[in-house]
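K.L.:
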């Protein structure tokens, strides 16, 4: 027997309609690529998104067609978030930081019909255009005065095209499981794979972003969204802000410390989200400007994800900014909320080291994301904070597979998605990442975390960067090799570093050898490229083997 | 093209599983009908709910069967919320405050297969049992020692029955649109009508309850749920508390001021929800105990719905308790969240009368509830805070019709549910109820709010209670008649009261006559029964007609 409740599909268009109806005057502030600050509001975004929908229709875009963007965070990109998905097309946010050959691959794989781009990417677009077979129009996100002088077929000016459209548009009533957006993972192995979100998954994820146990986004918030809108739905915030009518501040390409600080101060930002790299740039700016008082910003919460939060970063935001750090773990495949580091009432009387250690865990599970850690045979491991295993997740905003079935069937027998991460979970459900599954070193049936070793090595003042990989060992199967880039001018040898590590980690975790190199290989997005490192050291003979 | 996200149904069982997994030790505190305080936790509720599911299976309950409860708020009732709905049956919460013939009607109309009841309702159950044709077992929510001595067929003891069950149970993967619970409206006209909620509607409503723009329920909360669990899903809080693992305090039948105060104090309650009547009892208790300091309770928020919040109540909670009042409007048909009175950043610098007036509005729309006000011809009226019309609502947790199609097709042409309320909406989307549509007085094509007239009359110190109804008028179609119960010992006549009103309301709203009576007719739940009053005065001749 079915319930007798209204059968309303969960659609992205409902978000912008809600914002325009209940929060028409709430500001959307953008720092443009050209420099100046631009102001519009939710009513303006809604009208523009309807013009986007009409323009797409004029360009012959059909429901389900992919529409690409190569763009930073701005009101124009925001209008595309709603206009493209709302009209039934699929918003494909392309990461412009990838290598050009990856951008080319992704756009062709997605078969984007139209490509919207920031003028800063005009040279890249001109370079790629001949290879982009599916793209019927290239649309520069700017006004006529700033149009780039490039040679691409069917180059259009966004403002001009949109101004010519009617702002009357009736959003279609789509199946809520329809694809709404597409984002490729920047995998360290193989080609990028596309995650195809649906309206339903997006709306459910958005609802959870309002919860005080996650980001707690409300109408009283001014959110500085530093996470690029080409990364995993920008952590869902462009949607959540509309669902509650929060003020949104979009920094464009201006992610340097000075620009971020100025936006926080001028717009009275209460909450901001970004990766550790961006916060390091903010800290460096503050280091160079001792006269500034970060506490006077009045920012209440800092959301951090994409990489683990360091103790120094946590303490600086708490101590110097007076802000709460909300760490999270997730991935493109998880929309991205996986776990969020919010404390429980039982932690009220925790303090010191114990509390810091808890806060540095990636976070606690939220409704909608079932977690399990399993051993090599798929058996569930206990939640004791010690046992670590492959992390698998399940829920309505987790991917079931990749676009065009790349990678084949990915879910396990219980329908969980294997994240490729190795983690512990404690009895309260707080998850701590231990390593990537492919990077963990398998020594005599036990696992050694390459990340833990690297973090410990990186804490030595003479180390600029380090990487640990497993190298074949006749007795133990694999043993760790530590590869180090010295800090400029530092005096350091392998024995000294092993001595340093020996007081900080278990004896059997100690690397069997240390190698010094001039640089380490990285992906386009700055992650260590251990596949390349392993290839480089595949014939390496450990001294004690 | 469909998205590639996991196809996970939204099910009530996922809530209790989440709570038991991530918040197993968080307390559920109940004041039992027998008096003492009982403590369990989310793990305990989960285990008990699985025993409920197994017991229902043993009793032959099939998916879709209705299972009745006649019970106050307790951990046993909470286990039924999860065990009944989670197993695929439909939880039918019966309001024991209705007249016995209505209870009888409702249980027969729903065809409840089993009836769970609090021991305080044993005499009622014994009286009704012979007429309850569908009920195969009567289960007293108590232990063996407190079993009532009544003559009903197949009388069972809840604790004994559940203790005998396995706590192993695999929740079925239901269609999320399956019926999950049933609640009848206590209509002032005709027979009660059943609202049949689904798992999907319940989960979406629950997600919205976490938003800071509504009740903002989080894991850091201790919620004293005073709203009875037989009213409109107890405003969704039994579900929301599980979704985040909040501590839940359940008062049983003990709603007197002393009991409520003691629970707030002893359990360190941070948030409580109830109707104005309950808060009046709390105020009376405090009036009689001047030595108590309500501010020391530390309660942060008070959720109020079911009837409008008075200025006195708002000011007392703010001033004496230091608590924020979160008013809401909704109805059984809206799950119940309709609108919620949370302020916007623009109100930060509002003060005095203007701010109080805003706070006394029923609230602002939230995502998931589309609002419109329409005139008699169905035309939408402006949101100017002045125009008032029939309030219609649409959204995924709004009813589409009633159980067994009672009342036939109820939605309007655009799929909105007509609430039967008349309201204004201001440009920020704040709704203010003006009247029930059937109570509004239609005078010469214009509408007069009976509620506004009554509130103004009630503010006269000589008035204990008043009601305004429309009486036929040859020229104006209808004109208002004011029916008044004087306060004991008060000296008051009609002319004095009209004088009093004339400085407070528009001249054309002034009642054409005042009648004094000893008492006014009410429904079982305490609402003015204007149908009866209109019947009583149907031949009344206005003096000026």
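Chains as they are written, first to last, in the working numbering: chain A, 1 to 545; chain B, 546 to 1090. Glycine residues also receive a C-beta, built at the ideal position from the N, C-alpha and C atoms.
1) Is DSSP giving residue 888/B helix, strand or coil here?
2) Does DSSP put residue 642/B in a helix, in a strand, or in coil?
3) Report the residue ranges of all alpha helix (DSSP H) runs contained in full by the stretch 721-762 of chain B; include only those spanning at least 4 residues, in chain order.
4) Would you mind listing the beta strand (DSSP E) stretches within the stretch 435-515 of chain A that are 3+ residues and don't spill past its ends, in chain order?
5) Across which residues does DSSP place residue 34/A in a beta bridge pair?
6) How close, in whole Å, do the beta carbons of residue 918/B and residue 926/B come, if the pair is a contact with beta carbons under 8 Å?
7) Along the chain, which unbroken stretches of the beta strand (DSSP E) at least 3 residues long are found entirely within the stretch 802-889 of chain B?
8) Could you give the DSSP three-state label for residue 123/A: helix, strand or coil?
9) What residues of chain A sit near residue 935/B, judged by a beta carbon separation below 8 Å?
10) Using a C-beta cutoff of 8 Å, does residue 563/B count as contacting chain A?
11) Check distances from the C-beta atoms of the stretch 397-414 of chain A to those of chain B and list, in chain order, the residues that come in under 8 Å.
12) With 7 Å as the limit, tell me which residues of the stretch 751-783 of chain B have their beta carbon closer than that to any beta carbon of chain A; keep them in chain order.
13) Apart from the five residues on each side of it in sequence, which residues of its chain come closer than 7 Å, Cβ to Cβ, to residue 707/B?
14) Decide if residue 6/A is buried, meaning its Cβ has at least 16 other Cβ atoms within 10 Å, or exposed.
15) What is the DSSP secondary structure of residue 625/B, reduced to helix, strand or coil?
16) Going along chain A, which residues have a C-beta under 9 Å from residue 566/B?
17) Please classify residue 475/A as buried or exposed, where buried requires at least 16 neighbouring CB atoms within 10 angstroms.
18) Report back the beta-carbon spacing between residue 483/A and residue 517/A to the nearest angstrom; my notes put them in contact at under 8 Å.
19) On the premise that residue 1057/B lies in contact with residue 1024/B, defined as a C-beta separation below 8 Å, what is that separation, rounded to the nearest angstrom?
20) Residue 1077/B by DSSP, collapsed to three states: which one?
21) In angstroms with no decimal places, state the Cα-to-Cα distance between residue 550/A and residue 356/A.
22) Determine the burial state of residue 80/A: buried for a count of at least 16 other Cβ atoms within 10 Å of its Cβ, exposed for fewer.
23) DSSP three-state label for residue 233/A, please.
24) Which residues in the same chain have their Cβ closer than 8 Å to the Cβ of residue 105/A, if we skip the five residues on either side of it in sequence?
25) Considering Cα atoms alone, identify which of 641/B, 763/B, 583/B, 614/B is closest to residue 1069/B.
26) Can you pull the chain A neighbours of residue 742/B, defined as C-beta to C-beta under 8 Å?
27) According to DSSP, is residue 487/B helix, strand or coil?
28) Check the C-beta distance from residue 1030/B over to residue 1004/B and give it rounded, since I have them as a contact under 8 Å.
29) Taking only beta-carbon positions, decide if residue 931/B is within less than 8 Å of chain A.
30) Closer than 8 Å is the cut-off here; do at least three beta carbon pairs connect the stretch 204-222 of chain A with the stretch 109-120 of chain A?
31) List, in order along the chain, the chain B residues whose C-beta lies closer than 7 Å to that of residue 64/A?
32) At a cut of 8 Å, does the stretch 339-352 of chain A reach the stretch 404-419 of chain A through at least three beta carbon pairs?
33) Using CA coordinates, which residue listed in 225/A, 276/A, 268/A, 477/A is at the minimum distance from residue 441/A?
34) Express the C-alpha separation of residue 67/A and residue 84/A in angstroms, rounding to a whole number.
35) If contacts are defined as beta-carbon pairs under 8 Å, then residue 763/B and residue 240/A qualify, I think. What distance do you get, rounded to the angstrom?
36) Out of 133/A, 34/A, 503/A, 319/A, point me to the one whose CA is closest to residue 252/A's CA.
P.N.:
According to the data block:
1) Residue numbering aside, residue 888/B sits at position 343 when the second chain is read from its first letter. In this structure, residue 888/B counts as coil in the three-state DSSP scheme.
2) The sequence position of residue 642/B within the second chain is 97, counting from 1. Here residue 642/B sits in coil by DSSP.
3) 744-755
4) 441-443, 446-448, 463-473, 477-486
5) On the first chain, position 34 is the one that residue 34/A refers to. According to DSSP, residue 34/A bridges with nothing at all.
6) The residue given as residue 918/B occupies position 373 in the second chain. The residue given as residue 926/B occupies position 381 in the second chain. Contact flag correct, Cβ pair sits at about 5 Å.
7) 816-819, 846-849, 869-874
8) To locate residue 123/A, count along the first chain from 1; it is residue 123. It is helical.
9) On the second chain, residue 935/B is found 390 positions in, with the first residue counted as 1. Per Cβ cutoff of 8 Å: no residues; residue 935/B is ~18 Å from chain A at best.
10) Position 18 of the second chain holds residue 563/B. Yes, residue 563/B counts as interfacial toward chain A.
11) 397, 398, 399, 400, 401, 402, 403, 411
12) 752, 753, 755, 756, 757, 758, 761, 763, 764, 765
13) In the second chain, the residue the question calls residue 707/B occupies position 162. So the qualifying residues of the chain are 593, 596, 597, 600.
14) Position 6 of the first chain, counting from 1, holds the residue named residue 6/A. Classification of residue 6/A: buried, given that the 10 Å Cβ count is 16 or more.
15) On the second chain, residue 625/B is found 80 positions in, with the first residue counted as 1. The answer is helix: DSSP assigns residue 625/B an H, G or I state.
16) Against the second chain, residue 566/B aligns to sequence position 21. Those within 9 Å of residue 566/B in chain A are 365, 370, 371, 383, 429.
17) Here residue 475/A corresponds to residue number 475 of the first chain, with the count starting at 1. With fewer than 16 other Cβ atoms within 10 Å, it is exposed.
18) Here residue 483/A refers to the residue found at position 483 when the first chain is read from its first residue. Here residue 517/A refers to the residue found at position 517 when the first chain is read from its first residue. Residue 483/A to residue 517/A, Cβ: 6 Å. Contact.
19) Working through the second chain from its first residue, we reach residue 1024/B at position 479. Working through the second chain from its first residue, we reach residue 1057/B at position 512. Yes, residue 1024/B and residue 1057/B are in contact; Cβ-Cβ is about 4 Å, under 8 Å.
20) For the purposes of this step, residue 1077/B is identified with residue 532 of the second chain, where counting begins at 1. Three-state result, residue 1077/B: helix.
21) Because chain A here runs from 1 to 545, residue 550/A falls outside it and cannot be looked at.
22) Indexing the first chain from 1 puts residue 80/A at position 80. Burial call: buried.
23) For the purposes of this step, residue 233/A is identified with residue 233 of the first chain, where counting begins at 1. Residue 233/A falls in the helix class under three-state DSSP.
24) On the first chain, residue 105/A is found 105 positions in, with the first residue counted as 1. 191, 192.
25) Counting from 1 along the second chain, the entry for residue 1069/B is found at position 524. With distances taken between Cα atoms, residue 1069/B lies closest to 641/B.
26) As a working mapping, residue 742/B is identified with position 197 in the second chain. Neighbours of residue 742/B on chain A, chain order: 3, 5.
27) Nothing about residue 487/B can be read from this structure; chain B reaches only from 546 to 1090.
28) On the second chain, position 485 is the one that residue 1030/B refers to. On the second chain, position 459 is the one that residue 1004/B refers to. About 15 Å; that fails the 8 Å criterion.
29) Your numbering for residue 931/B matches position 386 in the second chain. Cβ-Cβ to chain A under 8 Å: no for residue 931/B.
30) no
31) Looking up residue 64/A in the first chain gives position 64. 546, listed in chain order.
32) no
33) Residue mapping note: residue 441/A aligns to position 441 of the first chain, counting from 1. Of the listed residues, the one whose Cα sits closest to residue 441/A is 477/A.
34) Mapped onto the first chain, residue 84/A falls at position 84. Mapped onto the first chain, residue 67/A falls at position 67. Approximately 7 Å, taken between the alpha carbons.
35) Taking the first residue of the second chain as 1, we reach residue 763/B at position 218. Taking the first residue of the first chain as 1, we reach residue 240/A at position 240. About 16 Å separates the two Cβ atoms, so there is no contact after all.
36) Taking the first residue of the first chain as 1, we reach residue 252/A at position 252. Among 133/A, 34/A, 503/A, 319/A, the Cα nearest to that of residue 252/A is on 34/A.
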